[in-house]
Every structure is written in structure tokens, then in C-alpha cells.
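Novice: All letters in the sequence shown, in the order written, are residues 843 to 1462 by my numbering. For every residue, glycine included, the Cβ atom is placed at its ideal position computed from N, Cα and C. Computed from a prediction, not measured in an experiment: that's the story for all the values here. Shown below is the structure under consideration.
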Amino acid sequence: MAECKEKLFSDFAPTSTETWMEKVTADLKGADFEKKLVWKTNEGFKVKPFYRLEDLEGLKTTDALPGEFPYLRGTKKNNNEWLVRQEINVECPKEANAKALDILNKGIDSLSFHVKAKELSAEYIATLLEGICAECVELNFSTCQGHVVELANLLVAYFQGKGYDMSKLQGSINYDFYNKMLAKGKMKGNMVETAKALIEATAALPKYRVINVNALTLNNAGAYIFQELGYALAWGNEYLTQLTEAGLDIDTVAKNIKFNFGISSNYFLEIAKFRAARMLWANIVAQYAPACQCAAKMKVHAETSSFNLTLFDAHVNLLRTQTEAMSAALAGVDSMTVTPFDKAYATPDEFSERMARNQQLLLKEESHFDKVIDPAAGSYYIENLTVSIAKQAWELFLAIEEEGGFEAAVKAGKVQAAVNESNANRHAAVAKRREVLLGTNQFPNFTEKAGDKKPAECKCCCGDKEHTCEKDCATLTFDRAASQFEALRLETEASAKRPKAFMLTIGNLAMRQARAQFSCNFLACAGYEVIDNLGFPTVEEGVEAAMKAGADIVVLCSSDDEYAEYAVPAFKALDGRAMFIVAGAPACMEELQAAGIENFIHVRCNVLETLKEYNAKLLK
843 MAECKEKLFS
853 DFAPTSTETW
863 MEKVTADLKG
873 ADFEKKLVWK
883 TNEGFKVKPF
893 YRLEDLEGLK
903 TTDALPGEFP
913 YLRGTKKNNN
923 EWLVRQEINV
933 ECPKEANAKA
943 LDILNKGIDS
953 LSFHVKAKEL
963 SAEYIATLLE
973 GICAECVELN
983 FSTCQGHVVE
993 LANLLVAYFQ
1003 GKGYDMSKLQ
1013 GSINYDFYNK
1023 MLAKGKMKGN
1033 MVETAKALIE
1043 ATAALPKYRV
1053 INVNALTLNN
1063 AGAYIFQELG
1073 YALAWGNEYL
1083 TQLTEAGLDI
1093 DTVAKNIKFN
1103 FGISSNYFLE
1113 IAKFRAARML
1123 WANIVAQYAP
1133 ACQCAAKMKV
1143 HAETSSFNLT
1153 LFDAHVNLLR
1163 TQTEAMSAAL
1173 AGVDSMTVTP
1183 FDKAYATPDE
1193 FSERMARNQQ
1203 LLLKEESHFD
1213 KVIDPAAGSY
1223 YIENLTVSIA
1233 KQAWELFLAI
1243 EEEGGFEAAV
1253 KAGKVQAAVN
1263 ESNANRHAAV
1273 AKRREVLLGT
1283 NQFPNFTEKA
1293 GDKKPAECKC
1303 CCGDKEHTCE
1313 KDCATLTFDR
1323 AASQFEALRL
1333 ETEASAKRPK
1343 AFMLTIGNLA
1353 MRQARAQFSC
1363 NFLACAGYEV
1373 IDNLGFPTVE
1383 EGVEAAMKAG
1393 ADIVVLCSSD
1403 DEYAEYAVPA
1413 FKALDGRAMF
1423 IVAGAPACME
1433 ELQAAGIENF
1443 IHVRCNVLET
1453 LKEYNAKLLK
């Protein structure tokens, strides 16, 4: 059998694109191909329902090789290994050290310490890093931006005092002048002076990256993929331009820049984003004529998005972050943080952090994602996505550069305005279910209550909840996609009475069941108690059953044709004793409205606004 060679695709005659289109056209039965099957992304380009080999013609991406310029297929030649990172907020250096030592035995090979600037000292660093072999693990640090040079000096002194081979140490210090402007509206210090001092302080650490592009901030603010990538490129180029003009050589600057990207839930587009990012950045750096081509390698850390985390049905967050981690791993990132599933409403505990770690370990140890370099290569679909995203991001990059660069755009609030508009658009899409958050705006858990869970608050830099501190420029909005639905449901839960919604099912069996299921899911998004039924012989019997159940809402569920028969009698029988809703948008809607029926729920509804109106009436 080992010598037996089976013929596979060669046994089948090739099928032309024309033949495929003939079949598709026939199946559409006259419907418009573009409107029905061609998807327009938020990035502004169209995605076809199928791609073929001919769609690769003329794409230069297919000529790239792993580990070779422009690094589209990754910066590594022999494997797809990435580092599993966990974040540690340091309240007590001794406790943080104990936690670090513990998780290093549980699969972590990259640590990120968030340290307090006021407590920095040689003793503090020694306590924090006691027992941690810096040559065996990547160490990343962040602190107040005004103290990054002090932190760098302390770290270098500590490493030298321990006798480490400095050339082997890997890690980063998270200095990012522009991130604080975007997130906090604060513009403090001199970027060039601080960056130069920081690079000088860490000169003994050739594998440390100390200038960061925190595009993750854009992702968590709801930016579209092309915005995150386009602005990140302009962000990084701003550092290249200003620091080389200040006298630093391009190789030194480029090798000190690290990109921290978010990972959104669009699986294939995220794979394409990271591939396009490496290619575009390599070409940007190449324009500065570095002495070593390796300076054009993009160093990428990825973190799963906080924008689409939810408070309700929170364990669904595990599904979201798992697919996000998969796309980043397949795309060939250098390191990754999986956000714990409970981050939206609590400080992650030992369980949620363990689950987050294990999500990456499963991809490595069971799925072997670290063994195959760029498995997406040659995919008709992903290669085309890579090119499309690269074009959109590049256009945005050029537009920023023509307007004076990233710093000028941030000072003028243009970046913030564009991303905040995207945030608003995505919230509108969630409200209308054009963007689905499972468990929040679609298929909610009917019986779940938040209890003590409250959305985590974002505070400004001075700790004022009201964000009254003076700002130097506009800031990004960090409202999660689910925040408005969560507020609605929390409002219901906090009220004295939880409304009951009764499904008055009658008539056509298939339609009444479908409409009842739709209506239950619709109304449960506001936390209402829903009562489904098998059906009633008359609307009068259904209304009386609803009254016995103490219903605050009665939803008539039937077929469009039968609403002309059932709706008005049901409305009259109810006689104002509860809110009356018709499930659907029947042709006879105008006649029903003329009879006094006001409420209709259907797929074209703005779910959020409709439920807000109902809450205003029912929670008085």
C-alpha cells in the first residue's frame, strides 16, 4: 500500500470559472450576484464568494519566501514559534515575583511586568526578578512614560550585576509617546530626547526593543483593521523620521521598534493583516537604506481584543479569544497575550489566567501551529485579502504622511476622530445585529443575571471618574461593542420588576415557531423573562393565558398572511392590559397600525433602540 499512488484531483476534469458562474447564476434564480453573494468589508473592498488559481495572477505576495525580505511570510525560516506572554500588574514586587515563578512552570516563556514608577529602585528590581533566569525568558516592562530611562538603567545594572550574557537577553520597555496622547490626551516630555536616552541606556541589550507602536490601543477603541494597520505604519514611520533626523542611524532605530497589535474577531482578515503589516513595514524601512536588511524585520506582539469582550455569557469570550489567537498564530507573530475572559468586568483571577495560558498551549502542543511556517501561503482567498488590506492600509498611510505625519494627525485629533467614528459605526452595527455578539445581541442566556458583575471602569490619568482633567488633545473612545446592550440589561436587572414576555403562538406551525424563537431571543437581549408556548386554538385563549401568567408583553407569533386575521382581534382582546407586539413586518402592517397596533419586531429593527423604548415604558 505504501507504494500505491492514488490519483486525486487529476481524476477530475478541470472546471472553468465560467462554468462555476453559470451554476451560481442558475442557483440564484435571477437574484443579483453582486448584491447577494459579494461581501463589502468594513475596509472598503469587496470579497468574492469564491476564488480560483487565476486570482493569484500578478500577485507578488506569492513570490515571497519565509524569513526573506519583505518578510510577508514571516521573519523565521525554520518554524513558526511564538512566545506565550502573561501580563502581571505589580502591586508588590515580592508577590509579583512569586506569581512569575509559578507561571513560568506552567508554559509561559514571556513575562510582562507593569511596574509603579514611584517605587522603582535597585532593590525593587532585584526583588521582582529574583530567581528568574533572564536568559531563558523574554522580559517586558512598562511604567510611567517619564520614568522609562530610569527603569532602563536599573535593568541594565541588574543584568550586568548578575553576570548575564547581555547579547542573549530578550525583552522590551514599553515607551510610546503617542499612545498616551491617543488614550489619555496627554503630551508630556520630549519624545526625541527620551527615545535617544532610552536607546543609549539599553545599548548593552541588543535584543531589547524600547520604542513601541501600541496599535492595540486603536484595536480596543474599535478601529477597523485597515485603520489599525495604516495608522500603525504611520506611527512607526514617525519614530523613524524624527529619530533619524535627530542623528540616530536607521539600523539602530528600526531594531528598537516593536509593534503591539490587537487581534479582532475577523479570522481571515486578521491573518492577512499581519502578513501585510510585515511586508509594508519592510518596504518603509528599506527606503531609509539600512546597512542590514534585517533591520526591516517587524517585531510583532499580538493581544486579543478587549473591544468584543462581554459581561454576559462571558465564557463565550473564550471562543472569541481562541479564534483570535489562532489567526495571530497562523499569521506568524513573535509573541502573544490572550486576554482572560473575565477582563471586561473583573480583575482576572487564577482560573481565568490559567485558561488564557492554556488557549495558546493548546495551539502549540496539540494543534502544532508552531511547526508550520505561514500555512496560509498560496490560499487564493488569503493572498487576495493580504493584497487588498495592504492597499487600503497603504492609502491611509500615504494620506497621513501627506498631511504632515502621524504626530500632526494626532495633535489635530484626526486619528481620534476617524477611529471614534468607526467605534460609533460598529456600535450601530451591533445595535442592528449586522455585527453579532453571541450571548449579547443574539441568542442571549435567558436566565443569566449579572449579580455582582459590573463593567470595568476606564479612568483618566488623574484617576477622576468624570474625566475632568485637562487634555492636550482629543482622546479615543473605549466603549466595548457590548457596552450599550449590557447597560440595557443591567437596567432591567436593577429595576423592581423584570418584565415578562409571553409568546402568543397561533396558526401556521413552522412560522409561529420561527417567530417565537426570534422574539424570545430579541426580548431576552434586554433581560426580559420570556415564556414560549406550543400554540393556541384562538387568540382569546392565548390572551387569557398570558394574563394568568402575569405577562407585561404579549407577542403575537404567526405567519404574515394570518396576521390580517389574528392581529386586530388579539389586540382588542388584550385591551391595553399589556404591551402588544406583532412579530414580523407583514404586508398588512399599515392596516394594523391604523387599528392602533404600534409595536412590530423584525430583522430590520434596530434591536437596541427598540428595547430602550420598551424599557422606558415597562420599567417605570
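(1) Run through DSSP, which three-state label would His989 get?
(2) Who pairs with Tyr913 in a beta bridge, going by DSSP?
(3) I want to see whether chain D comes within less than 7 angstroms of Ala1420, judged by CB atoms only; does it?
(4) Does the segment 900-916 touch the segment 1123-1138, meaning 3 or more C-beta pairs lie closer than 8 angstroms?
(5) With distances taken from CA atoms, which of Gln1284, Val1214, Leu1111, Lys1038 is nearest Thr1089?
(6) Which word fits Ala1096, buried or exposed, when buried means at least 16 other C-beta atoms lie within 10 angstroms of its C-beta?
(7) From the DSSP output, read off the bridge partner residues of Val1396.
(8) Which value, in whole angstroms, describes the spacing of the CA atoms of Ala1076 and Tyr1187?
(9) What does DSSP give as the partner residue(s) for Ile1373 in the beta ladder?
(10) Excluding the five sequence neighbours on either side, which residues of its own chain have a C-beta within less than 7 angstroms of the C-beta of Val1449, listed in chain order?
(11) For Gly1104, does the three-state DSSP call read helix, strand or coil?
(12) Taking the CB atoms as reference points, tell me whether Ser954 and Asn982 lie closer together than 7 angstroms.
(13) Would you check if the distance between the CB atom of Asp1184 and the CB atom of Cys1134 is smaller than 7 angstroms?
(14) Quick one: is Phe1193 buried, meaning 16 or more other Cβ sit within 10 Å of its Cβ, or exposed?
(15) Between the segment 914-934 and the segment 1164-1178, do at least 3 Cβ pairs fall closer than 8 angstroms?
(16) I'd like to check one pair, Phe1378 with Ile1348: are the Cβ atoms closer than 7 angstroms?
(17) Return yes when the Cβ of Thr1228 is within less than 7 angstroms of the Cβ of Ala1057, no when it is not.
(18) Pull up the distance between the alpha-carbon of Asp1216 and that of Ala1338, whole angstroms please.
(19) Got a sec, what are the start and stop residues for the beta strand (DSSP E) Met1178 sits in?
(20) Could you round the C-beta distance between Ala1235 and Ala1118 to whole angstroms and report it? I think they count as a contact, below 8 angstroms.
(21) CA-CA distance, Lys1213 and Asn920?
(22) Could you tell me whether the segment 884-894 touches the segment 1059-1069, using the rule of 3 or more Cβ pairs below 8 angstroms?
(23) Since I believe Val991 is in contact with Ala1045 (beta carbons under 8 angstroms), could you give me their beta-carbon distance rounded to a whole number of angstroms?
(24) Residues bridged to Val926 by DSSP?
(25) How would you call Leu895, buried or exposed, if buried means at least 16 neighbouring beta carbons within 10 angstroms?
(26) Could you compute how far the alpha carbon of Leu1082 sits from the alpha carbon of Ala1063?
(27) Where Glu1166 and Leu1203 are concerned, what is the direct C-alpha to C-alpha distance, given to the nearest angstrom?
(28) What does the alpha-carbon distance come out to for the pair Asn947 and His1157?
(29) Taking 7 angstroms as the threshold (C-beta atoms), are Ile1099 and Gly1078 in contact?
(30) Using CA atoms only, rank isn't needed, just tell me which of Asn1016, Glu977, Thr985 is closest to Lys1004.
(31) Quick one: Cα of Glu1335 to Cα of Glu1290, how far?
(32) Count the other CB atoms, across all protein chains shown, that sit within 10 Å of the CB of Met1353; report buried if there are 16 or more and exposed otherwise.
(33) Under the three-state reduction of DSSP, which class applies to Asn1056: helix, strand or coil?
(34) Roughly how many angstroms separate the alpha carbons of Asp1467 and Gly916, rounded to a whole number?
(35) On the DSSP letters alone, give me the boundaries of the alpha helix (DSSP H) that Ala1043 sits inside.
(36) Taking just the CA atoms, how far does Ala999 sit from Leu1111?
Specialist: This is what the structure gives:
(1) helix
(2) Tyr913 is not bridged to any residue.
(3) Absent from the structure is chain D; it holds one protein chain and no more.
(4) yes
(5) According to the sequence as given, residue 1089 is Gly; it is not Thr. With distances taken between Cα atoms, Gly1089 lies closest to Lys1038.
(6) buried
(7) Phe1344, Phe1422
(8) 33 angstroms
(9) Phe1344
(10) Ala1273, Lys1274, Arg1275, Asn1283, Phe1364, Cys1367
(11) strand
(12) yes
(13) no
(14) exposed
(15) yes
(16) yes
(17) no
(18) 55 angstroms
(19) 1177-1179
(20) 6 angstroms
(21) 8 angstroms
(22) yes
(23) Going by Cβ atoms, the distance from Ala1045 to Val991 rounds to 12 angstroms, so no, they are not a contact pair.
(24) Met1178
(25) exposed
(26) 25 angstroms
(27) 14 angstroms
(28) 25 angstroms
(29) yes
(30) Glu977
(31) 10 angstroms
(32) buried
(33) coil
(34) This structure gives no information on residue 1467, because the portion of the chain shown stretches from 843 to 1462.
(35) 1033-1043
(36) 43 angstroms
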